[in-house]
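In this note's numbering, the protein residues as written are 10 to 405. C-beta atoms are modelled at their ideal positions from N, C-alpha and C, and glycine is treated no differently. Accompanying notes for the structure given below.
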């Protein structure tokens with residue numbers, strides 16, 4: 010089995026689509042980081058919508074946006090690569106434009122803007138993975154996918170910090186942030202389109218393995234497990250702040266510190282950990298990620314029983330273990346899908362995987378907030394049990 014043992018920055022950038030594409034990813038992530046944390050606040054503060062109406066509009070946009078994935082998969086299987094990436098960015102430009110044009114109190118236009126933003130956010134991961142799979146192969150592709158995730162998290166973090174610094178400006182600042190986000194998406198789309206990466210399905214299928222003529226893999230166990238695995242992405246943003254505030258009555262500083270630590274660890278460790286794990290089968294690594302995540306959930310259960318004095322520091326410590334599990338999961342899941350799928354149905358396989366990811370991300374806040382009032386055992390015990398079952402399904 011081929012492994013990647015060294016990290017060569019130039020080779021990593023080349024395998025990720027080249028310098029211009031890397032810049033496109035960074036600019037796109039920066040724009041998303043500017044807007045994503047404050048879309049709810051924009052609806053309430055600028056458009057004067059009620060919190061329930063704003064939340065429902067955002068959720069509807071995300072869920073309905075998932076409906077575009079089958080079409081995205083078919084488009085990718087016709088050979089499009091950088092064009093689909095650019096389109097996922099351009100549709101978000103339209104979403105931002107609608108957001109800026111929405112009059113005060115109009116929840117329908119806000120929901121439509123959230124829909125276009127949701128379509129772009131759902132289509133981008135599959136399109137990006139397909140592009141990387143076209144220009145890189147084997148374990149180099151895995152490292153390139155990890156590098157893209159690290160770069161994106163860095164951009165999201167910087168964008169969120171800049172947005173936080175601009176919040177003192179009030180309504181005008183929020184509108185300016187939205188406008189800058191639209192310009193960032195437009196710039197990123199132009200850069201991504203200029204890469205001109207296109208796969209020719211017939212040639213790719215002829216050069217692929219003998220599985221290329223087979224049907225698209227169903228991957229039912231993997232997709233079902235992924236719905237549970239992806240809950241880990243909302244642990245530092247939703248579960249831990251909720252537990253620290255409502256159950257432990259800890260300072261909000263702890264939630265902020267955990268979120269920052271998560272971002273820094275993902276940016277710095279995503280590629281090295283993925284490279285280190287390249288000596289093992291991808292399926293085994295993904296199963297290991299589930300075990301690590303389940304262990305961290307049990308760690309959170311133990312940490313919450315320590316009381317107010319030691320509880321918050323213990324939760325912060327265990328969050329590092331959870332982040333390591335997230336890194337192992339993110340470095341192996343998409344890579345496993347690209348390795349399993351025959352070349353001529355790669356787009357549809359990635360679209361199915363993104364559907365499971367998007368569904369997990371959509372339902373996890375509701376599940377977490379529903380379990381949390383029933384106590385730490387209900388929340389963390391349920392997550393640990395479900396994740397262990399998912400890991401066993403992946404391993405089989």
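Contact defined as beta carbons within less than 8 Å: I believe residue i pairs with residue j. What is the distance between those atoms, to the nearest angstrom?
i           : j           : result
residue 342 : residue 81  : Going by Cβ atoms, the distance from residue 342 to residue 81 rounds to 18 Å, so no, they are not a contact pair.
residue 386 : residue 256 : The pair is not a contact, with the Cβ atoms about 11 Å apart (cut-off 8 Å).
residue 391 : residue 235 : Actually they do not touch by this definition, with Cβ atoms about 17 Å apart.
residue 85  : residue 31  : Not a contact, Cβ separation roughly 21 Å.
residue 197 : residue 36  : 4 Å
residue 280 : residue 286 : Rounded, the Cβ-Cβ distance is 11 Å, inconsistent with contact.
residue 52  : residue 63  : 4 Å
Measure the alpha-carbon distance for residue i versus residue j and round it to whole angstroms.
i           : j           : result
residue 310 : residue 246 : 17 Å
residue 221 : residue 355 : Interpretation of residue 221 is limited by its pLDDT of 45, a score under 50 that renders its predicted location unreliable; the figure taken from the coordinates is listed afterwards. So the alpha carbons of these two residues sit roughly 10 Å apart.
residue 249 : residue 396 : 17 Å
residue 75  : residue 350 : 21 Å
residue 133 : residue 321 : 36 Å
residue 89  : residue 275 : 29 Å
residue 152 : residue 345 : 12 Å
residue 41  : residue 189 : 10 Å
residue 269 : residue 228 : 34 Å
residue 93  : residue 347 : 17 Å
residue 199 : residue 400 : 40 Å
residue 333 : residue 230 : 23 Å
residue 375 : residue 205 : 40 Å
residue 464 : residue 353 : Limits of the chain in this structure are 10 at one end and 405 at the other, which puts residue 464 out of reach.
residue 14  : residue 33  : Confidence at residue 14 is low in this model, with a pLDDT of 49, below 50, so its placement is unreliable and the value that follows should be read with caution. Residue 14 and residue 33: Cα-Cα distance of roughly 27 Å.
residue 368 : residue 78  : 12 Å
residue 174 : residue 50  : 15 Å
residue 104 : residue 314 : 44 Å
residue 244 : residue 83  : 33 Å
residue 3   : residue 155 : Nothing about residue 3 can be reported from this structure: the residues present for the chain run from 10 to 405 only.
residue 208 : residue 148 : 20 Å
residue 112 : residue 58  : 11 Å
residue 44  : residue 171 : 10 Å
residue 217 : residue 192 : Low local confidence applies: a pLDDT of 48 at residue 217 is under 50, so the model's placement there is unreliable, with the coordinate-based value given in what follows. Cα-Cα distance, rounded: 39 Å.
residue 98  : residue 393 : 36 Å
residue 23  : residue 331 : 31 Å
residue 163 : residue 115 : 34 Å
residue 186 : residue 108 : 11 Å
residue 124 : residue 316 : 42 Å
residue 117 : residue 66  : 8 Å
residue 182 : residue 340 : 36 Å
residue 363 : residue 307 : 28 Å
residue 179 : residue 338 : 38 Å
Check for me: the alpha helix (DSSP H) holding residue i runs from which residue to which?
i           : result
residue 82  : 78-86
residue 137 : 116-144
residue 53  : It is not in any alpha helix (DSSP H) - residue 53 carries neither H nor E in the DSSP assignment.
residue 244 : Residue 244 -> no alpha helix (DSSP H), and no H or E assigned at all.
residue 363 : 355-380
residue 319 : 316-349
residue 264 : 261-285
residue 67  : 60-74
residue 29  : 28-44
residue 309 : 291-312
residue 236 : 229-238
residue 388 : First-last for residue 388: undefined, no H or E at that position.
residue 255 : 249-255
residue 169 : 147-175
Decide if residue i is buried, meaning its Cβ has at least 16 other Cβ atoms within 10 Å, or exposed.
i           : result
residue 119 : buried
residue 262 : exposed
residue 158 : buried
residue 379 : exposed
residue 237 : buried
residue 373 : buried
residue 253 : buried
residue 377 : buried
residue 272 : buried
residue 289 : exposed
residue 383 : exposed
residue 219 : Note that residue 219 scores a pLDDT of 44, beneath 50, so its modelled location is shaky; the value from the coordinates is reported in the next line. It is exposed - the Cβ of residue 219 has fewer than 16 other Cβ atoms within 10 Å.
residue 357 : buried
residue 137 : buried
residue 326 : exposed
residue 212 : Note on residue 212: pLDDT 49, under 50, position unreliable in the model; no value is reported.
residue 318 : exposed
residue 145 : buried
residue 405 : exposed
residue 87  : exposed
residue 283 : buried
residue 110 : exposed
By DSSP's criteria, residue i is part of a beta bridge. Which residues make up the other side?
i           : result
residue 207 : 89
Is residue i close to the ligand ADP? I mean its beta-carbon at under 7 Å from any heavy atom of the ligand.
i           : result
residue 321 : This structure does not include the ligand ADP; it has no bound ligands of any sort.
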